[in-house]
Amino acid sequence: MLNEFDEWITQIPPTEQPQRFGNKSFRVWHEKLQQNGIVELQKVLPEKLHRAVPEIVQYLYEGFGNPTRIDYGTGHEMAFLMFLCCMFKIGAFTQDDKVAVVVKIFNRYLELVRRLQLTYRMEPAGSHGVWSLDDYQFVPFIWGSAQLIGIGHSRIEPRHFVEPDIIQAFSKQYMFLGCIEFISKVKIGPFAEHSNQLWNVSAVSSWVKVNSGLIKMYRAEVLAKFPVIQHVFFGSLLSIKPASIPPVKKQYRDQPLQPPPTQ
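The numbering of the sequence shown is the numbering used here, which starts it at 4 and goes up by one.
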């Protein structure tokens with residue numbers, strides 16, 4: 004399905020226009036998405052799950068940017084994550100698919116939205132400029148840093164991800180470094196100047212701390228921001244009702260998590 008969406012970009016080239024940002028051909032691409040989204044979803048889902056398509060497809064429409072403003076940001080990225088969550092909830096994906104969903108499907112999604120951003124010169128939605136983590140994405144830094152926890156590679160510690168030779172050697176293997184490679188290609192000037200927040204992250208001592216810090220930052224800067232959340236759709240699969248979290252038994256509350264036994 005994502006490959007099909009990618010092919011539409013080839014079929015709908017950007018138009019010549021005086022504006023630097025926001026090529027109007029993106030609206031044509033997005034209109035094609037809205038016209039064909041239901042059919043494309045039905046192609047990849049078994050017939051018994053088709054009744055969920057009208058709800059799920061709304062997250063798919065939102066996951067690739069806004070056709071009116073011709074912009075893309077963390078709210079659109081979150082919409083695609085909600086689409087993936089729905090796919091788990093209806094049983095299209097199982098718990099055994101979790102890793103593949105990230106390294107295969109989400110990675111393919113990243114390739115697609117990056118091509119959209121570059122082809123149609125999409126504006127960053129809600130970016131804080133040099134003080135933002137990235138103009139468009141956030142979650143791949145969380146999942147990418149989690150991927151690097153415990154790999155035991157002395158050459159890929161947080162302080163190394165700004166080094167060009169490390170980026171070139173490992174960007175295809177690790178999501179975090181793939182993000183850094185993309186930023187380095189589309190931005191000019193010293194990394195510390197155009198990506199100050201990421202430069203600061205490179206000073207953190209471990210990937211565990213990087214990951215936990217990024218999760219806290221995501222909660223504060225994305226999930227807790229009304230300009231982002233106001234656009235979220237809620238329905239039968241993803242309800243607005245607060246999640247019920249079972250209480251932690253007192254005897255386990257302060258105990259550290261134990262690693263699984265080695266084989």
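We put the CB at the ideal spot given by N, CA and C, even for glycine.
Residue pairing by DSSP places Y75 opposite P127 in a beta bridge. In the DSSP annotation of this structure, the continuous segment of the alpha helix (DSSP H) that includes D168 starts and ends at P167 to F173. Here the alpha carbon of H33 sits roughly 33 Å from the alpha carbon of Q171. Around the beta carbon of E126, 16 or more other beta carbons sit within 10 angstroms, so the residue counts as buried. For Q14, the uninterrupted alpha helix (DSSP H) run begins and ends at L5 to Q14, by DSSP.
The Cβ neighbour count for E10, taken over all protein chains shown within 10 Å, is under 16; the residue is labelled exposed.
With a threshold of 16 other beta carbon atoms within 10 Å, H79 meets it and is buried. When C-beta atoms of the stretch 193 to 211 are compared with those of the stretch 22 to 38, fewer than three pairs fall below 8 Å, so the two segments do not count as touching. Checking the DSSP bridge columns, you'll see N69 partnered with D74. In this model, V106 and S148 are separated by some 13 Å (Cα to Cα).
Residues of the same chain with a CB within less than 8 Å of the CB of F185, apart from the 5 flanking positions on each side, are R117 in chain order.
Assigned with DSSP and collapsed to three states, I183 falls in helix.
Spanning the alpha carbons of Q150 and L36 requires a straight line of approximately 32 Å.
With a 10 Å radius around the Cβ and a threshold of 16 neighbouring Cβ atoms, S135 comes out buried. Following the DSSP letters along the chain, one finds V31 inside the alpha helix (DSSP H) bounded by residues S28 to V47.
Taking a 10 Å sphere around the C-beta of S198, we find 16 or more other C-beta atoms and assign the residue as buried.
Put simply, the stretch 41 to 53 does not touch the stretch 69 to 84. Fewer than three CB pairs are less than 8 Å apart. Look at I59 here: in three-state DSSP terms it is helix. Each residue's CA atom was taken as its position, placing I59 and S205 some 37 Å apart. Here P161 carries a helix assignment [DSSP, helix/strand/coil]. In the displayed model, E80 falls within a helix according to three-state DSSP.
By the neighbour-count criterion, in which a residue is buried when 16 or more other Cβ atoms sit within 10 angstroms of its Cβ, I218 is exposed.
G155 carries a coil assignment under DSSP once its states are collapsed to helix, strand and coil.
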